[in-house]
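Report on one structure; see the data block that follows.
Numbering (this note's numbering), first residue to last: 3 to 455.
The following block contains the structure:
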């Protein structure tokens with residue numbers, strides 16, 4: 003099952019026609035469905051390909067770790083399997099070291115004899131053929147949910163050591179050379195939460211309330227300082243940190259299945275129940291970074307950000323490529339991996355929505371437009387039924403007296419063969435009904451550049 007992702011437009015609208023302009027950002031992302039069931043987690047390799055774990059949700063087929071082409075160079079042409087499991091298993095997470103040289107991945111399987119889940123952690127070179135099992139201190143892998151490298155030789159493990167009803171999340175620091183593990187954080191009143199680290203070694207963690215099913219607003223993004231974690235790792239057992247030792251970055255998030263730190267200082271959080279990826283700015287402001295059509299109970303799970311340089315401390319462009327796994331409702335389709343990028347290849351598809359915040363009633367009819375202007379003066383506009391055609395057409399009709407918000411139709415836009423490569427400017431705006439698009443006469447207008455390559 004293939005899904006497409008969206009362009010999000012947030013436009014502030016004046017109550018009368020004039021020169022008002024939108025203040026919110028307009029962002030555009032390509033959907034590149036990689037048609038790969040990496041339901042066990044994945045991460046970017048230095049060359050832009052993805053290494054991930056195939057994991058059958060029904061645990062019928064045997065799982066494997068594989069590499070897929072995600073940078074568009076056609077290599078590997080098919081999934082390159084680098085590690086196979088002898089029995090069906092469920093992937094926990096996959097993480098590539100900051101230097102890009104090694105990979106860490108975990109899995110769990112059910113033992114019908116003991117009726118208990120078994121957990122295992124593997125570590126080895128990304129180009130290796132064998133991945134030794136790591137056997138850390140007792141308890142550090144039980145109930146493992148997420149793993150992340152700190153540096154080339156150390157990692158954190160987020161785990162809930164009890165059964166599915168347990169509400170204590172522990173975070174362990176594991177030395178991959180000595181195999182010693184130290185509990186550094188214990189958080190009560192929550193199930194398992196995802197983790198990531200920034201270039202300073204600070205740990206980001208998403209705490210959810212102990213509700214099942216989860217509710218909107220249940221999730222909080224927290225940050226534990228690197229220095230405090232070092233003290234907890236070096237100190238006695240009673241010096242481990244708890245929720246009170248963390249800084250609250252953002253509250254009332256609707257989901258928190260995975261978390262990924264970006265060098266701009268933003269933190270991305272996935273929502274597996276409400277079809278969204280949230281971006282949390284350094285000041286704690288949260289916004290929808292990407293969203294997809296679907297049903298309640300399905301959405302995005304694992305996240306990975308492509309880092310073009312090999313070190314977390316390197317200077318890179320503010321906007322990197324993000325990959326997110328799509329998790330449908332169990333039994334309704336296959337998981338997939340989606341590449342979210344401001345760059346799109348010919349043959350890929352875009353899904354566009356326009357969300358317009360209106361401060362008060364607009365007493366005149368209006369039309370909403372999405373227009374694309376490309377190299378050589380070629381001009382396209384979005385059509386009502388989806389697709390891209392020449393000419394100028396409104397894709398949604400405005401309603402007089404509309405207040406609060408307006409959500410434009412979702413548009414599925416293919417990038418056809420022969421599309422000129424290079425920068426395309428995407429315009430989203432509101433015009434008085436029946437009037438041709440014009441930047442000068444728009445009730446609201448915002449733009450963003452999309453690169454076709």
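Yeah, the Cβ is synthetic: ideal placement off N, Cα and C, and Gly gets one too.
Member of the options whose CA lies at the smallest distance from the CA of residue i
i           : options            : result
residue 77  : 66, 57, 47, 106    : 47
residue 233 : 265, 121, 184, 216 : 184
residue 68  : 87, 216, 74        : 87
residue 195 : 201, 203, 92, 163  : 163
residue 217 : 235, 119, 274      : 274
residue 52  : 160, 64, 81        : 81
residue 293 : 72, 61, 424, 280   : 280
residue 211 : 201, 54, 254       : 254
residue 197 : 171, 215, 213      : 171
residue 142 : 265, 173, 125      : 173
residue 456 : 305, 200, 112      : Missing from the structure shown is residue 456; the chain here goes from 3 to 455 and no further.
residue 260 : 327, 64, 126       : 327
residue 154 : 66, 97, 246        : 97
Span of the beta strand (DSSP E) around residue i
i           : result
residue 305 : 301 to 307
residue 123 : 118 to 127
residue 183 : 183 to 190
residue 275 : Run containing residue 275: none; DSSP gives neither H nor E here.
residue 293 : 288 to 293
residue 45  : 44 to 46
residue 146 : 146 to 151
residue 95  : 92 to 98
Sheet register partners of residue i (DSSP bridge)
i           : result
residue 324 : 307, 342
residue 85  : 67
residue 224 : 207, 250
residue 73  : Per DSSP, none; premise fails for residue 73.
residue 171 : 189
residue 80  : Residue 80 pairs with nothing; no bridge assigned.
residue 56  : 66
Buried/exposed call for residue i, threshold 16 Cβ in 10 Å
i           : result
residue 101 : exposed
residue 334 : exposed
residue 192 : buried
residue 331 : exposed
residue 103 : exposed
residue 160 : buried
residue 240 : exposed
residue 131 : exposed
residue 83  : exposed
residue 207 : buried
residue 250 : exposed
residue 277 : buried
residue 413 : For residue 413, the predicted structure reports a pLDDT of 48, less than 50, and the residue's modelled location is therefore unreliable. A value from the coordinates is still provided. Looking at its Cβ environment, which holds 16 or more other Cβ atoms inside 10 Å, residue 413 is buried.
The alpha helix (DSSP H) enclosing residue i, as first and last residue numbers
i           : result
residue 233 : 228 to 236
Closer than 7 Å: residue i CB and nearest the ligand FMN heavy atom
i           : result
residue 278 : This structure lacks the ligand FMN; in fact it carries no ligand of any kind.
Practice problem: Spell out a yes or no on whether the segment 214 to 224 and the segment 168 to 181 are touching, meaning 3 or more CB-CB pairs, one atom from each, closer than 8 Å. | Solution: At 8 Å Cβ cutoff, the stretches do not touch.
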